[in-house]
Amino acid sequence: MFKQGDKAVCTLNDGVVEIKSDLFTSAGTGARSYLVEWTEGIDKGKRSVVYATDLEPAPRFKVGQKVRFTYSPVGETFDLVAGPFPDFQKAPFWVFRDQEGEHDTSGEGQMLPVA
784 MFKQGDKAVC
794 TLNDGVVEIK
804 SDLFTSAGTG
814 ARSYLVEWTE
824 GIDKGKRSVV
834 YATDLEPAPR
844 FKVGQKVRFT
854 YSPVGETFDL
864 VAGPFPDFQK
874 APFWVFRDQE
884 GEHDTSGEGQ
894 MLPVA
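Take 784 as the starting number for the sequence shown in my numbering and just add one per residue.
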């Protein structure tokens with residue numbers, strides 16, 4: 784279940800949407816649905832009704848994004864190079880590259896976006 788303001792991916796076209804309503808039952812089809820707003824591409828800003836079964840949570844980060852870690856010194860950044868992947872408990876983890884070009888992995892819970 785999503786709440787208003789959550790980001791999701793529409794599995795019909797892999798487009799990113801923002802949830803704009805609570806879950807409701809569509810009068811025409813009886814399907815559980817959300818009102819969404821497209822956040823990118825040619826449909827950016829348009830709103831649609833999408834079945835709940837056609838939505839999945841959007842990743843918090845993107846490949847190519849710079850991040851820092853909750854435990855790293857201020858100003859130290861890392862580049863995300865792959866992910867997200869599910870770990871053994873189905874929690875997302877990412878592959879990152881440090882300033883020396885070395886690669887490692889980290890769970891999403893320790894990462895913060897760099898503005």
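Every residue gets a Cβ at the ideal spot worked out from N, C-alpha and C, and that includes glycine.
Note that this is a predicted model, so its numbers are computed, not measured.
> Would a C-beta distance cut-off of 8 Å place residue 880 and residue 857 closer than the cut-off?
Replying inline: Taking the sequence shown and counting its residues from 1, one reaches residue 880 at position 97. Taking the sequence shown and counting its residues from 1, one reaches residue 857 at position 74. Contact: no.
> To the nearest whole angstrom, what separates the beta carbons of residue 821 and residue 828, a pair I think is in contact under 8 Å?
Replying inline: Taking the first residue of the sequence shown as 1, we reach residue 821 at position 38. Taking the first residue of the sequence shown as 1, we reach residue 828 at position 45. Their Cβ separation, rounded to whole angstroms, is 7 Å, which keeps residue 821 and residue 828 in contact under 8 Å.
> Who pairs with residue 815 in a beta bridge, going by DSSP?
Replying inline: Working through the sequence shown from its first residue, we reach residue 815 at position 32. Paired residues: 808.
>> So for residue 837, helix, strand or coil by DSSP?
In response: Residue numbering aside, residue 837 sits at position 54 when the sequence shown is read from its first letter. Taken through DSSP and simplified to helix, strand or coil, residue 837 comes out as helix.
>> Quick check on the burial criterion: 16 or more other C-beta atoms within 10 angstroms. Buried or exposed for residue 800?
In response: Translated into the one-based positions of the sequence shown, residue 800 becomes position 17. Looking at its Cβ environment, which holds 16 or more other Cβ atoms inside 10 Å, residue 800 is buried.
>> Suppose you measure from the CA of residue 763 to the CA of residue 784; what does that come to, to the nearest Å?
In response: In this structure the chain extends from 784 to 898, so residue 763 is not present and cannot be described.
>> Assuming contact is defined by CB atoms lying nearer than 8 Å, are residue 876 and residue 870 in contact in what I supplied?
In response: Here residue 876 corresponds to residue number 93 of the sequence shown, with the count starting at 1. Here residue 870 corresponds to residue number 87 of the sequence shown, with the count starting at 1. In this structure, residue 870 lies closer than 8 Å to residue 876 by Cβ.
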